[in-house]
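Colleague:
2 protein chains.
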Amino acid sequence: MLRLYDHLSSGNGYKCRWLLTQLGLPFERVEMDIDTGETRTDAFLALNPNGRIPLLRLAPGDFLGESNAILRWLAEDTTFWPDNRRDKAAVLQWLFWEQYSHEPNIATARFWITHKVAMDPERIHALIVKREQGHAALKLMERHLTGRDWFVGQHATIADIALYAYTHVAEEGGFDLAPYPAIRDWLDRFAAQPNHIKITDAVGTPVPLADALTSEQRA
Amino acid sequence: MLRLYDHLSSGNGYKCRWLLTQLGLPFERVEMDIDTGETRTDAFLALNPNGRIPLLRLAPGDFLGESNAILRWLAEDTTFWPDNRRDKAAVLQWLFWEQYSHEPNIATARFWITHKVAMDPERIHALIVKREQGHAALKLMERHLTGRDWFVGQHATIADIALYAYTHVAEEGGFDLAPYPAIRDWLDRFAAQPNHIKITDAVGTPVPLADALTSEQRA
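In order, the protein sequence lines correspond to chains A and B. Following the working numbering, the numbering of the first sequence begins with 2 at its first residue and continues without gaps. Following the working numbering, the numbering of the second sequence begins with 2 at its first residue and continues without gaps.
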């Protein structure tokens, strides 16, 4: 069975949970405490040298990291991955843009605030820059979504999943979405899809971290 | 003919130039001055709302952004894109990792230094953080490359191209590569490939920016 190393409040983890659930794929879910360094232990670094969640175990001893690479893996032969070359390229463009221009600003601002990270003058300055760049990302999305229902093509793809993950909780990072009506309509459209789950829904079969790591060592 | 909007010292642009040359694809190249805002004019934002190079014109009025999405597009049906599903996923994992954990640290430090960006206390602090995170990225690469010739599989893929682009000029950003022998061997291996070009090689048919933008407006 697929096994997702995850953290419930992570939008990157939510992307994977959302698509696994949508596709009806059974999976185990291992909740990790990212504040206390559970992703930086030797036992976990042996599975993912990058020390991050989400991490998807495809088979014993075989792990895939990077949330958008996981989305792409899961979306194979589903409607969430386009069937023509040009739209595939457009989806990948959005996935790379999300990780470079959206997530480091909107998700990181939200993390610092919701995880109550200590604020020194340097971090306050960095937060101001992230606020500006996050709004630049939201403006670009607003412009693209004006007159469109989905980011690429005529139905939801993994580009929408990737961008929904942190946009729908952007207000937790101090981003007011009121000036972005096309984004708000798209968020509603996304959440109206059948079998939608919330970021707070702990789906999957829970497996305690210690049990999971013990089983990996046997693998 | 393909047309690449580019900036010669950009590693992200070099990725595209390198693969276009390697594949023997004829292309036009438009050099842009990123220091004087040429990528943020209304005329260029009409082509790429993200205001960045590299941007590849696939056909009149049809543009693809994000360097790694461009690599993936160009690599279709070539040896630079694996032929099996698991290796494809591994290549994408490295491409996302490069844009999230490598480029923002190593490339941005290099940009600030080589483009002589003004240093205030906040930027100096940010540079210290990028130096630490950049070395963490290099350590992860060193560990992965120890005992391997290429990032994924038995020959160069777009994962190697993406990671070569800024690693081979990391010293321009103040990163000493002496402690990374596996990386240095891999850099030599990469550069020994037939038809290799340097980041300073202005390949392609040069087209002045003004002429390019005029032709786009007619398209």
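Note that beta-carbon positions come from the ideal geometry of N, C-alpha and C, so glycine has one too. Bear in mind the structure is a predicted one, so any value in this text is a computation, not a measurement.
With which residues is A/Y6 paired in a DSSP beta bridge?
Modeller: The sequence position of residue 6 of chain A within the first sequence is 5, counting from 1. In the DSSP output, where bridge partners are listed per residue, A/Y6 has A/V31 and A/L56.
Colleague: Please state whether DSSP places A/P209 in a helix, a strand or coil.
Modeller: By 1-based counting over the first sequence, the position of residue 209 of chain A is 208. Note: A/P209 maps to coil in three-state DSSP.
Colleague: Taking its Cβ as the centre, do 16 or more other Cβ atoms sit within 10 Å of A/I125, making it buried, or is it exposed?
Modeller: Position 124 of the first sequence, counted from the start, is the residue given in the question as residue 125 of chain A. The residue is exposed, with fewer than 16 neighbouring Cβ atoms inside 10 Å.
Colleague: Note down the Cα distance separating B/F191 from B/I71, rounded to an integer number of angstroms.
Modeller: Taking the second sequence and counting its residues from 1, the one referred to as residue 191 of chain B is at position 190. Taking the second sequence and counting its residues from 1, the one referred to as residue 71 of chain B is at position 70. When rounded, the distance between both Cα atoms is 20 Å.
Colleague: Should B/N106 be labelled buried (16 or more other beta-carbon atoms within 10 Å of its own) or exposed?
Modeller: Mapped onto the second sequence, residue 106 of chain B falls at position 105. B/N106 should be labelled buried.
Colleague: Below 8 Å on the Cβ atoms is my guess for A/L3 versus A/F28; work out the distance and round it to an integer in Å.
Modeller: Counted from its first residue, the first sequence places residue 3 of chain A at position 2. Counted from its first residue, the first sequence places residue 28 of chain A at position 27. Yes, they are in contact, since the Cβ atoms of A/L3 and A/F28 sit about 4 Å apart, within 8 Å.
Colleague: Which first and last residues belong to the alpha helix (DSSP H) in which B/L48 is found?
Modeller: Indexing the second sequence from 1 puts residue 48 of chain B at position 47. No alpha helix (DSSP H) contains B/L48, which DSSP labels as neither H nor E.
Colleague: Mapping DSSP to helix, strand and coil, what is B/F112?
Modeller: On the second sequence, position 111 is the one that residue 112 of chain B refers to. Looking at B/F112 - three-state DSSP - the assignment turns out to be helix.
Colleague: Give me the subset of the segment 143-156 of chain B whose CB atoms are less than 8 Å from a CB atom of chain A, sorted by chain position.
Modeller: So the close ones are R144 and H145.
Colleague: By Cβ distance below 8 Å, which residues in the same chain neighbour B/A76 in space, the five residues on each side in sequence not counted?
Modeller: The count along the second sequence starts at 1 and reaches residue 76 of chain B at position 75. Excluding sequence neighbours, B/A76 sits near L20, W82, T158 and I159.
Colleague: With 16 as the cutoff for other CB atoms within 10 Å, does B/G62 come out buried or exposed?
Modeller: Sequence index remark: in the second sequence, residue 62 of chain B carries index 61 (1-based). So B/G62 ends up on the exposed side.
Colleague: Looking at A/T80 and A/H156, is the spacing between their C-beta atoms short of 8 Å?
Modeller: Residue 156 of chain A sits at position 155 when you count from the first residue of the first sequence. Residue 80 of chain A sits at position 79 when you count from the first residue of the first sequence. The answer is yes: Cβ separation under 8 Å.
Colleague: Taking B/E172 and B/L178 to be in contact with their CB atoms under 8 Å, please state how far apart those CB atoms are, rounded to whole angstroms.
Modeller: Start at 1 with the first residue of the second sequence, and residue 172 of chain B comes out as number 171. Start at 1 with the first residue of the second sequence, and residue 178 of chain B comes out as number 177. B/E172 to B/L178, Cβ: 6 Å. Contact.
Colleague: For B/K16, I'd like the list of residues in its chain whose CB is within less than 7 Å of its CB, leaving aside the five on either flank, ordered along the chain.
Modeller: One-based indexing of the second sequence puts residue 16 of chain B at position 15. Closer than 7 Å at the Cβ level, and outside the excluded window around B/K16, lie S68, L72, I162, A163 and A166.
Colleague: Using the rule of at least 16 other Cβ atoms within 10 Å of the residue's Cβ for burial, across every protein chain shown, is B/G38 buried or exposed?
Modeller: Counting from 1 along the second sequence, the entry for residue 38 of chain B is found at position 37. Exposed: under 16 other Cβ atoms inside 10 Å.
Colleague: Could you please give me the residues that DSSP links to A/L65 through a beta bridge?
Modeller: The residue given as residue 65 of chain A occupies position 64 in the first sequence. According to DSSP, which records beta bridges pairwise, A/L65 is partnered with A/L57.
Colleague: Under 7 Å Cβ to Cβ from B/Q23, same chain only, skipping five residues before and after it: list those, please.
Modeller: In the second sequence, the residue the question calls residue 23 of chain B occupies position 22. Closer than 7 Å at the Cβ level, and outside the excluded window around B/Q23, lie N196.
Colleague: Enumerate in chain order the residues of its own chain whose CB-to-CB distance from A/A108 is below 6 Å, with the five nearest sequence positions on each side excluded.
Modeller: Your numbering for residue 108 of chain A matches position 107 in the first sequence. For A/A108, where only same-chain residues beyond five positions count, the Cβ hits under 6 Å are G12 and Y167.
Colleague: What do you reckon, is the C-beta of B/P207 under 7 Å from a heavy atom of the ligand FMN?
Modeller: The ligand FMN is not part of the structure shown, which contains no ligands of any sort.
Colleague: In chain order, what residues of the same chain have a beta carbon less than 6 Å from the beta carbon of B/L139, not counting five sequence neighbours either side?
Modeller: Your numbering for residue 139 of chain B matches position 138 in the second sequence. If we look at B/L139 and ignore the five residues flanking it on each side, its Cβ neighbours are Y181.
Colleague: Measure from the C-beta of A/Y101 to each C-beta in chain B and report whether the shortest distance is under 8 Å.
Modeller: Residue numbering aside, residue 101 of chain A sits at position 100 when the first sequence is read from its first letter. At least one chain B Cβ lies under 8 Å of A/Y101.
Colleague: So for B/I162, helix, strand or coil by DSSP?
Modeller: Translated into positions along the second sequence, residue 162 of chain B becomes position 161. Helix at B/I162.
Colleague: If you draw a straight line from the C-alpha of A/F152 to the C-alpha of A/A91, how long is it?
Modeller: Counting from one through the first sequence, the residue named residue 152 of chain A turns up at place 151. Counting from one through the first sequence, the residue named residue 91 of chain A turns up at place 90. Near 9 Å, if we compare the C-alpha coordinates of A/A91 and A/F152.
Colleague: Using the Cα positions of B/R144 and B/I184, report the straight-line distance between them to the nearest angstrom.
Modeller: Walking along the second sequence from the start, residue 144 of chain B turns up at place 143. Walking along the second sequence from the start, residue 184 of chain B turns up at place 183. Each residue's alpha carbon lies about 9 Å from the other.
Colleague: What are the complete alpha helix (DSSP H) segments, minimum 4 residues, inside the segment 149-201 of chain B?
Modeller: Segments of the alpha helix (DSSP H) lying fully in the segment 149-201 of chain B: 159-168 and 182-192.
Colleague: Rounded to whole angstroms, how far is the Cβ of B/L59 from the Cβ of B/G52, which I believe are closer than 8 Å?
Modeller: Along the second sequence, read from residue 1 onward, the residue named residue 59 of chain B stands at position 58. Along the second sequence, read from residue 1 onward, the residue named residue 52 of chain B stands at position 51. Not quite, the Cβ-Cβ distance comes to about 19 Å (not below 8 Å), so this is no contact.
Colleague: Kindly indicate the opening and closing residues of the alpha helix (DSSP H) around B/A90.
Modeller: Working through the second sequence from its first residue, we reach residue 90 of chain B at position 89. Taken as a continuous stretch (DSSP letters only), the alpha helix (DSSP H) holding B/A90 covers R86 to W98.
Colleague: According to the neighbour-count rule (16 or more other Cβ atoms, all chains shown, within 10 Å of its Cβ), is A/T40 buried or exposed?
Modeller: As a working note, residue 40 of chain A is residue 39 in the first sequence. That one is buried.
Colleague: Taking Cβ positions only, does B/A90 come closer than 8 Å to chain A?
Modeller: Position 89 of the second sequence, counted from the first residue, corresponds to residue 90 of chain B. Answer yes: the Cβ-Cβ gap between B/A90 and chain A drops below 8 Å somewhere.
Colleague: Give the residues from the segment 59-71 of chain A that approach chain B closer than 9 Å (Cβ to any Cβ), ordered along the chain.
Modeller: So the close ones are L59, D63, L65, G66, E67, S68, N69, A70 and I71.
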